[in-house]
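Everything below concerns the one structure shown next.
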Amino acid sequence: MKLRTVTNFLLEQYPLEDADEWDWAGFSLKYNLSEELTGVVVALDVTSKIIDYAIKQQANLIVVHHPFKFTEKWTDEYLQAPYKKRLVKILKSHGINVLALHTNYDNNLNGTSHKIAKALGFKEFEPFTTKYPCVISTLIGLNELKLKLEYCLRLRNFRTNSHDPMRKYNKIAILSGSGPASLASDLKFAGVELIITSDIKWSEWLTYKELDMDVLEVSHLDEQVFVDDIYATLKDNFSDLNIKTFKLEEPYKNI
Numbered sequence: 153m154k155l156r157t158v159t160n161f162l163l164e165q166y167p168l169e170d171a172d173e174w175d176w177a178g179f180s181l182k183y184n185l186s187e188e189l190t191g192v193v194v195a196l197d198v199t200s201k202i203i204d205y206a207i208k209q210q211a212n213l214i215v216v217h218h219p220f221k222f223t224e225k226w227t228d229e230y231l232q233a234p235y236k237k238r239l240v241k242i243l244k245s246h247g248i249n250v251l252a253l254h255t256n257y258d259n260n261l262n263g264t265s266h267k268i269a270k271a272l273g274f275k276e277f278e279p280f281t282t283k284y285p286c287v288i289s290t291l292i293g294l295n296e297l298k299l300k301l302e303y304c305l306r307l308r309n310f311r312t313n314s315h316d317p318m319r320k321y322n323k324i325a326i327l328s329g330s331g332p333a334s335l336a337s338d339l340k341f342a343g344v345e346l347i348i349t350s351d352i353k354w355s356e357w358l359t360y361k362e363l364d365m366d367v368l369e370v371s372h373l374d375e376q377v378f379v380d381d382i383y384a385t386l387k388d389n390f391s392d393l394n395i396k397t398f399k400l401e402e403p404y405k406n407i
């Protein structure tokens, strides 16, 4: 099987036209796609451990959610993240291609936020005005929701601005990864009482406070639902494919 058979399939499922304008979805590294595909590793990000794992699995394609490259030129990328120069050298020496399905995956009708809702066991959920946010109609308390996130997604390290742990929420929204606080006002107008998202900045906490919007901040690892989903999709369509997954662990801990 040629490399392009699988990469074309994935890009047909999640077209780059659906990605946000600022995003660097697509190939972070691309070589000769007419070569034989020896194996695929699916992960959230490209790290040294994942590259080592791909080499051991003799895989020449890594499919990730987050782009490995965020600038047009590698020289600019190396200025922002010098360690990538070493990783790119290893990737090139082993002919490993890197394909990122980022906001083109997020913006799919069954994208990341919706996969998280499904993984948490919710049945009643729908897209918001755009496909990225997922709005869930339910009746659930903060502690129960936290337990779901711990059990179903293996998440740790939560923060919230809620002062009432006993409060029950009728409608919540999932903004997978680092969701924009700019959506909070429209979500509140639509009846959302709690937002679940990651990587909240100080200014965004202030925005949520002024809007009187409760927020539950979770790890960015909520997006690892991507890994299981892409694995299942590839297995369903290419049953003989040598495909592996690699799950990241939290790179920090609360003290």
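Here the sequence shown is numbered in this note's numbering, starting from 153 and rising by one per residue. Backbone N, C-alpha and C define an ideal beta-carbon position, used for all residues, glycine too.
For residue i, count neighbouring C-beta atoms within 10 Å of its own C-beta (all shown protein chains included) and say buried if the count is 16 or more, exposed if not.
| i | result |
| --- | --- |
| Y404 | exposed |
| N322 | exposed |
| Q210 | exposed |
| I214 | buried |
| F398 | buried |
| A336 | buried |
| P285 | buried |
| H246 | exposed |
Is DSSP giving residue i helix, strand or coil here?
| i | result |
| --- | --- |
| S289 | strand |
| Y303 | helix |
| Y404 | coil |
| T199 | coil |
| D316 | coil |
| L358 | helix |
| V379 | helix |
| K121 | The structure shown does not extend to residue 121, since the chain is modelled only from 153 through 407, so no value can be given for it. |
Please name the residue or residues paired with residue i in a DSSP beta bridge.
| i | result |
| --- | --- |
| F179 | L251 |
| E369 | R311 and T349 |
| K154 | E188 |
| V215 | V194 and L251 |
Enumerate, from N- to C-terminal direction, the unbroken alpha helix (DSSP H) stretches of 4 or more residues contained entirely within the stretch 226 to 284. If we require 4 residues or more, the alpha helix (DSSP H) runs fully inside the stretch 226 to 284 come out as 226 to 232, 235 to 245, 255 to 258 and 264 to 271.
Please confirm if the stretch 272 to 285 is in contact with the stretch 378 to 390, defined as three or more CB-CB distances below 8 Å between the two stretches. No, the stretch 272 to 285 is not in contact with the stretch 378 to 390.
Three or more C-beta pairs under 8 Å: does that hold for the stretch 207 to 222 against the stretch 170 to 187? Cβ pair count under 8 Å is three or more, so yes.
Inter-stretch contact (C-beta, 8 Å, three-pair minimum) for the stretch 363 to 376 and the stretch 326 to 336: Contact annotation: the stretch 363 to 376 touches the stretch 326 to 336, with at least three C-beta pairs closer than 8 Å.
Report yes or no: do the stretch 238 to 249 and the stretch 342 to 354 share at least 3 C-beta pairs separated by less than 8 Å? No contact exists between the stretch 238 to 249 and the stretch 342 to 354.
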